[in-house]
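521 is the number that the UniProt record's numbering gives the last residue of the sequence shown; the numbers go up by one with no jumps.
Even for Gly, the Cβ is constructed at its ideal location relative to N, Cα and C.
Here the structure is a predicted model, which means the values were calculated and not measured.
Notes follow the structure.
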Amino acid sequence: MRQAGARLRSAVKWLHHELGLSALIHAGRDTHLLLLTRFLRMLAYSGVTLILALHLRGLGNPEYRVGLFMTLTLLGDVLLSLLLTLVADGLLGRRRTLLAGSLLLAASGVVFAACDNFWVLLAAATLGVISPSGSEIGPFRAVEESVIAHLTAPRDRPAVFAWYVVTASLGSALGLVMCGAVLDALKGVWGDELEGSEEKRFRAVFWGYAGAGIIKAGLTLLLSERCELDDCHERKEEEEDGGVATIAPEREFLEEDAERGPLLRNNDDRDRTGNGDPTPDSNSTVLIKRKATSNKTLIARISPSSRLILFKLCLLFSIDSLSSGMVPYSWLNYYVSLTFSLPHGLLGALMAANMVATATMNLFSPALARRIGLIRAMVFTHLPAAVFLAMLGAARSSLAATAVLLMARASLNAMDQAPRSAFVAAVVKAEERTAVMGIVNVVRTLSQSGGPTITGVLAGEGRWWVTFVVAGSLKVVYDVGLLANFANTKLHESSSDGGGENEGEDHTQNSEERQPENLRQ
1 MRQAGARLRS AVKWLHHELG LSALIHAGRD THLLLLTRFL RMLAYSGVTL
51 ILALHLRGLG NPEYRVGLFM TLTLLGDVLL SLLLTLVADG LLGRRRTLLA
101 GSLLLAASGV VFAACDNFWV LLAAATLGVI SPSGSEIGPF RAVEESVIAH
151 LTAPRDRPAV FAWYVVTASL GSALGLVMCG AVLDALKGVW GDELEGSEEK
201 RFRAVFWGYA GAGIIKAGLT LLLSERCELD DCHERKEEEE DGGVATIAPE
251 REFLEEDAER GPLLRNNDDR DRTGNGDPTP DSNSTVLIKR KATSNKTLIA
301 RISPSSRLIL FKLCLLFSID SLSSGMVPYS WLNYYVSLTF SLPHGLLGAL
351 MAANMVATAT MNLFSPALAR RIGLIRAMVF THLPAAVFLA MLGAARSSLA
401 ATAVLLMARA SLNAMDQAPR SAFVAAVVKA EERTAVMGIV NVVRTLSQSG
451 GPTITGVLAG EGRWWVTFVV AGSLKVVYDV GLLANFANTK LHESSSDGGG
501 ENEGEDHTQN SEERQPENLR Q
């Protein structure tokens, strides 16, 4: 019995570690709030993707025009994301940037609920926040990932980023189920015989979308100053001294924020006597570097060594994003609904099951990344998903086969997200993260924007199978290129012994070493 009890405790402890629960629990209040706001945001996004293409078609727009609408919406998001990313670490601040995005999200929902003119809706989607793909849009992800990386110790980032993906998947699943259920319930209340009754139900969903934006804005106001790049203590002391900044000891700063400290100081900054106190020179250097960074342009914030890495990442991510843009959830929902004539409730349940599969499998991506490395974890999960996507065209005559392929793809397709975020955060310097993530997200969105129009043209000609084959093939090219270029890249973050970790190293550990303190980047 004792042995059985010990084995059970060991199994629970192992599972607790492998799922990243320890890192999640100790992530801090601000990180938990960011996870909650992302859950709510993805809930709203997914609800809209269930009806967006159907809503636009119901307003009399042909399929090529629906695709053009999605493309222009994504292009507008590029400008919005770039603008807000530029000021997120400087003029506006991270929390105000997230607040502005939330209010734009709410405003877009109001316009879609109240108007039916194509150009007015296009303006609202372009200048506001509407997600044609059900995935991230707007400035949120770049800022949130930068804040999470800022507040989380390097060894815990893969686990926290995995939960960042999981909460998004769960939010998307709940949004699809809720939207489908609400549409079916309203159909029972309002009927389906009167002209415009379906559009009336769709408008109700957009009112809910606007409400989600308001709630998200309220949650954003609860974030603390720890989310900002500049130390709040430095600003406070500058005000108290009449505008002359004095440098607070970094130890005082670290006592209130133990997790943030390792990201801001290096062992070399400590006093050579070994007492652990930073020297005045090192503190002054930290403050000067922060102020200098905030005044630089986006590209100038990135070191020459990181620019080559950024160029390669942008090139590969653009290929992957173009493929993703061809098969956003709005088009997939439209394709399944059109091909198999599914009611909204059943369609929502089917897509929600995909999201649950995504969330479940994402829990294991940190453990996989620890064993085989971040890049290999990305490629070895994303590549099979690309093959399943390419096969969708061959299953168009069978709902069961289509459902199986969609489920298989969903189970693996997003397992690369947490390792990808951790890799981008670790391959560049801390002060470059927001700029790099912002540029990467802008490039990805810009590349993704061309996809919906391509699909709209092909869908108008009934060539859905071409869409799936081309999209899957592009993702295969991306995966091969990622493995060839970054399999042995040395990560910028230092390990506990001061040495950088090589992405090509063997990450396999024995059972005694698989403890939270030994998590590797």
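{"Asked": "Segment contact, 8 Å Cβ cut-off, at least three pairs: the stretch 426-436 with the stretch 137-146", "Found": "yes"}
{"Asked": "Proximity of V379 and L483 at Cβ, strictly below 8 Å", "Found": "yes"}
{"Asked": "Cβ shell of A395 (< 7 Å), same chain only, five flanking positions each side left out", "Found": "A401, T402, L405"}
{"Asked": "CB of L363 within 8 Å of CB of L19, strictly", "Found": "yes"}
{"Asked": "Option in S108, R201, C115 with minimal Cα separation from I214", "Found": "S108"}
{"Asked": "In chain order, each alpha helix (DSSP H) run of at least 4 residues that lies wholly inside the stretch 3-61", "Found": "21-25, 29-58"}
{"Asked": "Spatial neighbours of G481 in its chain, beta-carbon cut-off 6 Å, leaving aside the 5 residues before and after", "Found": "L316"}
{"Asked": "Secondary structure, beta strand (DSSP E): runs of 3+ residues fully inside the stretch 361-421", "Found": "none"}
{"Asked": "Where the alpha helix (DSSP H) containing G460 begins and where it ends", "Found": "450-460"}
{"Asked": "Cβ-Cβ distance between P158 and A352 below 8 Å", "Found": "no"}
{"Asked": "Reduced DSSP category for A168 - H, G, I as helix; E, B as strand; rest coil", "Found": "helix"}
{"Asked": "Span separating the alpha-carbon of A426 from that of L229", "Found": "17 Å"}
{"Asked": "Spatial neighbours of A173 in its chain, beta-carbon cut-off 6 Å, leaving aside the 5 residues before and after", "Found": "A352, M355, V356"}
{"Asked": "Proximal residues to L392 (C-beta, below 6 Å), its chain only, five neighbours per side dropped", "Found": "L405, F468"}
{"Asked": "Proximal residues to F388 (C-beta, below 7 Å), its chain only, five neighbours per side dropped", "Found": "L405, A408, R409"}
{"Asked": "Between the CA atoms of A212 and A125 - distance to the nearest angstrom", "Found": "16 Å"}
{"Asked": "Rounded C-alpha distance that separates A6 from L21", "Found": "20 Å"}
{"Asked": "Pairwise C-alpha distance: I51 and I372", "Found": "40 Å"}
{"Asked": "Rounded straight-line distance, which links the Cα of E431 to that of N283", "Found": "At N283, the pLDDT of 46 sits below 50, so the modelled position is not reliable; the number obtained from the coordinates is stated separately. Between N283 and E431, the C-alpha separation is close to 16 Å."}
{"Asked": "Residues near L383 in its chain [Cβ-Cβ closer than 7 Å; skip 5 each side]", "Found": "V476, D479"}
{"Asked": "DSSP state of S131 mapped onto helix, strand, coil", "Found": "coil"}
{"Asked": "For residue 529, three-class secondary structure by DSSP", "Found": "The chain is shown only over 1 to 521; residue 529 falls outside these bounds and no answer can be derived."}
{"Asked": "Cβ distance (whole Å) where V78 is taken to contact L446 below 8 Å", "Found": "5 Å"}
{"Asked": "As assigned by DSSP and simplified to three states, the class of N485", "Found": "helix"}
{"Asked": "Distance between A487 and R376 (C-alpha atoms, nearest Å)", "Found": "7 Å"}
{"Asked": "Three-state secondary structure assigned by DSSP to G211", "Found": "helix"}
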